[in-house]
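Q: For the sequence shown, this note's numbering assigns the number 1 to the initial residue and increments by one for each residue that follows.
All C-beta atoms in this analysis are idealised placements derived from N, C-alpha and C, irrespective of residue type, glycine included.
This is the structure I have questions about; it appears just below.
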Amino acid sequence: MTISYARPSFLSMESSGFCPGCGHGTVHNIIAEVVDELKIREKTMIIHPVGCGTLGLFIMNLNVIGAAHGRASAIATAIKRCNPDNVVICYQGDGDLAAIGMAETMYAANRGESISVIFINNTSYGMTGGQMAPTTMVGQKATTCQNGRDVEIDGMPFKMSELIASLDAPRYVTRVAVHDAKNAMKARKAIKKSIEMQINGEGYSFVEVITMCPTNWKMSPVQCAEFIDDTVLKVFPLGVFKS
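Structure follows, in structure tokens:
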């Protein structure tokens, strides 16, 4: 019998805690599938800082380190340099990576550290109540900008993939999405490529994943998927920015 799909061997049967329709669960499942497929569970280390993504700690039986808010790239650098045979994955949200962690993110990328960074962009601070994030779009409402992001007050949203790709050292920079099956399959390929590049010693890679946040967007999952297609991807276009 040909098996077309199997649950990753180290995923727990426990509930993840993610809100219904959230993209975090999809990305965690993709990471688990890839780690299982590549048979690298024993040497994989995931760095989780502060944010919704930390709920994945309870469903993935992997080596995990919890970093202080925004410091995942610094922790990952230390682990990788001390244990170069480990596969080190940073899993960070937009508030963590592009706000308090901006310096650590940019310097690790600029040094070309041999790590894989999975950057979850749902244009809001998901865990702490939906405040405006560095990636909140112009005009998009949040709890701290209830009339929408104002360029004169708040500036433009950061486009992290484009910013990272402008540096010399990063080897692979791409933006994908997980709001439908077709895009989720592309995201899987991108995450697998990022991890394989690290295994092969090819340097720093950055995979930005556009996801939905039904709770803070105040939309149903179906509406979120439509919003991503109609609005979000016009601001954050998908594609490979460096390879």
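(1) Considering residue 92, what are the terminal residues of the beta strand (DSSP E) in which it resides?
(2) Return helix, strand or coil for residue 227, following the three-state DSSP convention.
(3) What beta strand (DSSP E) runs, 3 residues minimum, are completely inside the region 36 to 67?
(4) Once the 5 residues before and after residue 122 are set aside, which same chain residues still bring their CB inside 6 Å of it?
(5) Starting from residue 111, follow its DSSP beta bridges and name the residues at the other end.
(6) I'd like the span of the alpha helix (DSSP H) that includes residue 169, first residue to last.
(7) In angstroms, rounded to a whole number, what distance separates the CA positions of residue 83 and residue 73?
(8) DSSP three-state label for residue 82, please.
(9) Leaving out five residues on either side along the sequence, give the residues of the same chain with a beta carbon under 7 Å from the beta carbon of residue 75.
(10) When you compare the CB positions of residue 154 and residue 132, do they come within less than 8 Å of one another, or not?
(11) From this set, 12, 126, 165, which residue's C-alpha is nearest residue 58's C-alpha?
(12) Starting from the N-terminal side, write out each stretch of the beta strand (DSSP E) that is 3 residues or longer and does not extend beyond the region 110 to 150.
(13) What does the Cβ neighbour count give for residue 104, buried or exposed, with the cut at 16 atoms within 10 Å?
(14) If you draw a straight line from the alpha carbon of residue 202 to that of residue 147, how long is it in whole angstroms?
(15) I need the boundaries of the alpha helix (DSSP H) containing residue 194, first residue and last residue.
(16) For the beta strand (DSSP E) that residue 209 lies in, which residues bound it at each end?
(17) Anyone know if the C-beta pair for residue 81 and residue 49 falls short of 8 Å?
(18) State yes or no: is the C-beta of residue 205 within less than 8 Å of the C-beta of residue 170?
(19) Given residue 228, which residues of its chain have a CB within under 8 Å of its CB, disregarding the five upstream and five downstream residues?
A: Result, derived from the coordinates:
(1) 87 to 93
(2) helix
(3) 44 to 48, 63 to 66
(4) Excluding positions up to five away in sequence, the list reads 211, 213.
(5) None; residue 111 has no bridge partner.
(6) Secondary structure note for residue 169: it is in no alpha helix (DSSP H), with a DSSP letter that is neither H nor E.
(7) 15 Å
(8) helix
(9) 47, 65, 67
(10) yes
(11) 12
(12) 116 to 121
(13) buried
(14) 45 Å
(15) 181 to 199
(16) 205 to 210
(17) no
(18) Inclusion of residue 205 and residue 170 in the CB contact set at 8 Å is warranted, their separation being smaller than that value.
(19) 177, 179, 210, 212
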